[in-house]
Amino acid sequence: MSKTTAPEPRTTRATLTRRTALKGLAGGAALAAAPGWVPYIEAQSSAPLKLGFQVHRTGIGAAYGRWYDRVTTAAAALINEGGGIGGRPVEIVTEDDGTDPKRGAEVVEKLATQHGCDLAFGTLFSHVVMGSAPRAGELKLPYFVVSEGHHVASGRLNRYTLQPGITDVKSQVRAMAPWVTQNLGKKVTMIFPDYAFGHDHRDFFSEAVAAQGGEVIEKIAIPPTESSFTKYFPRIPRGTDVLYHVMVGPGVLTFVKELGEFYGTGARPAIFGFIDSLEAVDIATPGLDFLEGTYFWEGMPRYAPPDASEHEGFYRQRVGVDANGASMSDPKDIATYAHMFGCWETLHVIKAGMEAAGYQGPADRAKLIEAVEAMTGMPESREHPQGDKVFNGRTHQVFGHQFISRVEGARLSVVHKTSIEDGMYPDEVDYTTQPF
Amino acid sequence: MDLGPYLMLASLEGAVGAAVLALTALGLSLVFGVMRIVNVAHGEFYMLGAVLAWWVTSMIGGHPALGFVAAMVVAPLVVGLIAAAAERLVLRRLNYDPEATIVATIGLLYVIQQLALSTYGADARPVPAPIDFRIQFPWFGYSGYKLCVIVASAALMLGVWLVLTRTRAGLMMRATQYDPETARAFAIPVGRVYAGVFAAGAMLAALGAVLIVPIQQAHYLMGHDPLLLSFIVVIIGGLGSLRGTVLAAVIIGMSDGIISVFFSPTLAKILATLLVAFVLVWRPTGLFGARAA
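Line by line, the protein sequences give chains P and G.
Residues in the first sequence are numbered consecutively from 1, following our numbering.
Residues in the second sequence are numbered consecutively from 437, following our numbering.
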C-alpha cells in the first residue's frame with residue numbers, strides 16, 4: 001500500500017484517518033480469512049480439486065447411494081495414492097439429495113456456489129437427473145451422471161451433462177433383446193416403474209423386441225411409491241412367454257416375493273429381470289427360491305465369475321466387496337454391484353479429462369468438457385474394471401458390454417456377454433455443436 | 437385370467453389391506469373420539485412399530501415366529517410409552533387445543549421420522565414371516581401369512597371392542613368421550629384417561645405395522661400412506677365412531693384392492709378421495725358420526 005501511495009505522501013497521510021485505517025484493517029482481515037483465498041494466491045496448482053458428489057443418501061435410492069458413496073471414496077483414495085489429478089489432491093464434497101428432483105437441483109447449486117466445486121457427479125435416479133441437469137447447465141457446471149437413463153443421449157439435456165461411466169437403458173435393452181427372443185420366447189409382458197427410467201425400458205425394449213420379430217403383449221406400469229404388488233399380477237396375459245421385470249426402490253423385495261407367491265408351484269412363463277429388481281437384496285432370502293432358473297441382466301456380475309480379470313479382482317477388493325457381492329465387513333450387506341462401478345469409472349474419466357485439458361480451475365470447465373468429448377476407446381483396465389468401452393463424444397454417452405446371468409443354486413452365473421456393437425444405435429443429438 | 441379367480445384375488449388383496457387399515461384407523465378414531473384432537477403423527481407411530489419389529493426380530497434368533505411374537509408385544513409397548521410421553525410433554529401443555537395440537541403433531545411427525553432416519557437408516561429392511569406357507573389355488577398361489585393377517589386383525593379388533601364395552605377402563609374412556617366435565621365430577625382421572633387413550637391409539641397403529649411388516653418392509657417413509665388412508669376412513673366412518681371406522685376401512689380397503697386390480701391404483705385413490713368429498717358435503721359427520729350438538 002505504501003508503494004502505491006508514495007508519489008503523494010502528504011495527501012494520503014492527510015486522508016488516512018483512524019476510521020479508514022480501521023476499515024482497511026477489517027477488510028484485509030476479512031480477505032485473509034475468506035476460505036480458500038490464501039492457498040489460491042500462493043499456490044494455485046497444489047490446492048485440492050473439489051469434486052461435488054450428489055448422492056442419494058436418503059429417500060428411495062438410499063441403498064444405491066450407500067454403495068455409490070463407498071465406491072466413490074475408494075476411487076478417490078486410489079487416485080490420491082497415485083498423486084491425485086495433475087499433481088493436485090482430490091477432495092470429494094458430498095451432498096445428499098434425498099432422491100428428490102427438486103432437492104437435486106438445489107444440491108447442484110449448493111455444490112457449485114457454496115462449496116465452489118469444480119464439477120458435480122454421481123446422480124443415479126433418472127427423475128433426479130432430469131430435475132438437476134438443467135440447473136447444472138445454467139451454472140455451467142460439468143455434471144457427470146451415473147444413471148443408466150437414456151436422457152443424456154436422447155438430446156434432452158445439455159452440453160455440460162455427460163454419462164461416461166455407465167451405459168444407458170436403450171443400449172442395454174437393444175443388446176439383450178436378441179438373446180431374450182431367441183432363447184426365452186417372443187411374447188413378452190413387461191413390468192416396470194411408472195417414470196422416466198421405466199418408460200425408457202418400455203419404449204426401447206418394445207422397439208428392440210419388435211425388431212427381432214417378437215411382441216410385447218402387455219405393459220404393466222407400477223407407481224414408484226407402490227408397496228404392494230400382487231394386485232398387478234393378474235394382468236399378466238396367459239399367452240406370455242417371457243415376463244420382463246425391472247423394479248426399483250424400497251419395495252423391490254416385496255415385489256419379487258409376491259411374484260413368487262403368485263406363481264407358486266404352478267406353471268409360469270420364463271422370467272427375465274433387470275438386477276435392479278434385486279440390487280442390494282440377497283438372492284438366498286427365503287421366498288426367492290422361485291427365481292431359480294430365471295435370468296437377470298447385470299451391468300457387472302455380482303458373483304465373481306471364474307474368468308474375472310485381474311482388474312475386476314483389484315476393483316472388488318478396493319471397494320470392499322467379497323466374491324459373493326456382499327460387503328467384506330458384513331455378509332448381509334449386499335452391494336449394488338451391477339451399477340456402482342459407474343462411479344469408479346466416471347471418476348477415472350474425470351481424472352483423464354482434467355489431465356488432458358490441463359485443468360487449473362473453474363475457468364477451464366469448457367476445456368474439460370471438450371477433453372472428455374474427444375475420448376473414444378477406453379480399454380479394460382484398473383480404471384475400467386467392468387470392461388472395455390467406447391465413448392461417443394457427440395451424444396455424451398458411453399457404450400459397453402452387458403451380462404445376462406442365470407440364477408443357479410441361489411447364485412448368479414453369467415451365461416451371455418454382449419458385444420459393444422450389440423448396444424450401438426444411431427446418434428440422436430450432437431452436443432458438440434451447442435455453444436458453451 | 438378368468439373373471440372368477442381374478443375377483444377372488446382382488447378380494448383377498450382388498451381384505452388384507454382393509455384388515456390392517458381398520459386397526460390403524462381405529463387408533464386414529466379412538467384418539468379423536470375421546471380427546472377431540474387430530475393426530476397427524478399417527479402414521480409415524482405406525483412406522484415406528486414396523487421399525488421396532490425389525491429391531492426385535494433381528495435381536496432374537498431361532499425360529500422367525502419367536503421374534504415375531506416378541507415384536508407383537510415389545511413394539512406396541514415401546515410405541516405406547518413414546519406416545520404417552522409425547523402426550524404428557526407436549527399435548528397436555530397445549531391444553532389439547534385443536535389447532536395447536538395439529539401443529540404440534542406435525543412437528544412430532546418430523547421429529548419421529550428424522551430420528552428413525554438417523555438411527556435406523558434409510559434402507560427398507562425385511563422381517564421374516566412367522567409362518568411360511570403358500571396356498572396354491574388352481575389359478576394362482578397366495579401367501580398363507582396374508583390370510584393370517586386378516587384373522588389376527590379381526591381378533592385384535594374384537595379385543596378392542598371388548599375392552600371398550602366390557603371393562604372399567606373402557607367405561608372410563610366412553611364416559612370421557614361423552615362429557616369430560618361430568619366424567620371428572622364422577623372422579624374419573626380424565627388426564628390419565630387422555631394419556632392412556634393417546635398411547636392406545638399409537639399402539640393400535642404399531643400393531644397394524646407389525647402385522648404388515650413381513651409382507652412389506654420397514655422403511656422410514658412408510659407412514660405416509662397409512663396416515664392418508666386412515667384419515668379417509670375416519671372421515672367416511674364418522675370421527676369417533678368405532679363401528680363406522682371398521683365399516684369404512686372394509687369399504688375403502690376392499691374397493692382399493694378390487695379397483696386396483698381391475699383398473700388402476702390411481703383410480704382407486706381418486707374414487708376414495710371423491711367419496712370423502714361426497715361424505716363431507718352430504719353427511720359431514722360421517723356414516724356413523726354423532727351429530728354435532
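Glycine included, every Cβ here is placed at the ideal spot set by N, Cα and C.
Everything numeric in this text was worked out from a predicted model, so none of it was measured.
For residue 191/P, the enclosing beta strand (DSSP E) starts and ends at 187-193.
Positions of the beta strand (DSSP E) runs, each at least 3 residues long and wholly inside the stretch 371-405 of chain P, are given as 389-392, 397-399 in order along the chain. Residue 288/P counts as buried, since at least 16 other C-beta atoms from the protein chains shown sit within 10 angstroms of its C-beta.
When the alpha-carbon of residue 383/P is set against those of 55/P, 78/P, 46/P, the nearest one is in 78/P. Residues of chain P with a Cβ closer than 7 Å to the Cβ of residue 559/G are, in chain order, 62, 63. Between residue 658/G and chain P, the shortest Cβ-Cβ separation is below 9 Å. For residue 59/P, the nearest CB of chain G lies under 9 Å from its own CB, placing it at the interface with that chain. Where residue 113/P is concerned, there is no enclosing alpha helix (DSSP H), because DSSP gives it neither an H nor an E. Distance check between residue 566/G and each of 648/G, 710/G, 714/G places 648/G closest, using alpha-carbon atoms only. For residue 387/P, the closest of 434/P, 364/P, 338/P by C-alpha to C-alpha distance is 338/P. Along the stretch 252-272 of chain P, the positions whose C-beta sits under 7 Å from a C-beta of chain G are 253, 254, 261, 262, 263, 264, 265, 266, read in chain order. With contacts defined as CB atoms closer than 9 Å, residue 161/P and residue 185/P fail to qualify as a contacting pair.
DSSP places residue 298/P within a strand segment (E or B) once states are collapsed to three. In the three-state reduction of the DSSP assignment, residue 327/P falls in the strand class.
Counting only Cβ-Cβ distances below 7 Å, residue 697/G has contacts in chain P at 231, 234, in chain order. In this model, residue 335/P and residue 300/P are separated by some 11 Å (Cα to Cα). Closer than 7 Å at the C-beta level to chain G, one finds no residue of the stretch 87-117 of chain P. Put simply, the stretch 276-293 of chain P touches the stretch 252-266 of chain P. At least three CB pairs are less than 8 Å apart. A straight line joining the alpha-carbon of residue 512/G with that of residue 485/G spans about 6 Å. Here residue 221/P is bridged, per DSSP, to 192/P.
Burial is judged here by how many other beta carbons sit within 10 angstroms of a residue's own beta carbon; residue 531/G has fewer than 16 and is exposed. Residues of the stretch 189-202 of chain P with a Cβ closer than 7 Å to any Cβ of chain G: none. In the displayed model, residue 461/G falls within a helix according to three-state DSSP. Residues of chain P with a Cβ closer than 8 Å to the Cβ of residue 613/G do not exist; the shortest Cβ-Cβ separation is about 33 Å. When C-beta distances to chain P are compared with 7 Å, the residues of the stretch 570-581 of chain G below that value are 570, 572, 576, 577, 578, 579, in chain order. Relative to residue 590/G, the option among 682/G, 538/G, 641/G whose CA is nearest is 682/G.
Counting the other CB atoms within 10 Å of its CB gives residue 69/P a total of 16 or more, which places it among the buried residues.
At least one C-beta of chain G is nearer than 9 Å to the C-beta of residue 66/P. If the five residues before and after residue 447/G are omitted, its C-beta is found closer than 8 Å to the C-beta atoms of 690, 693, 694, all from its own chain and listed in chain order.
Counting every other CB atom within 10 Å of its CB across the protein chains shown gives residue 121/P a total of 16 or more, marking it as buried. The beta carbon of residue 281/P lies closer than 7 Å to those of 252, 253, 334 in the same chain, with the five residues before and after it left out. Its chain contains 511, 514 as the residues whose beta carbon lies nearer than 6 Å to that of residue 488/G, once the 5 sequence neighbours on both sides are disregarded; these appear in chain order. For chain P, the residues of the stretch 539-565 of chain G that bring a beta carbon within less than 7 Å of one of its beta carbons are 553, 558, 559, 560, 562, 564, in chain order.
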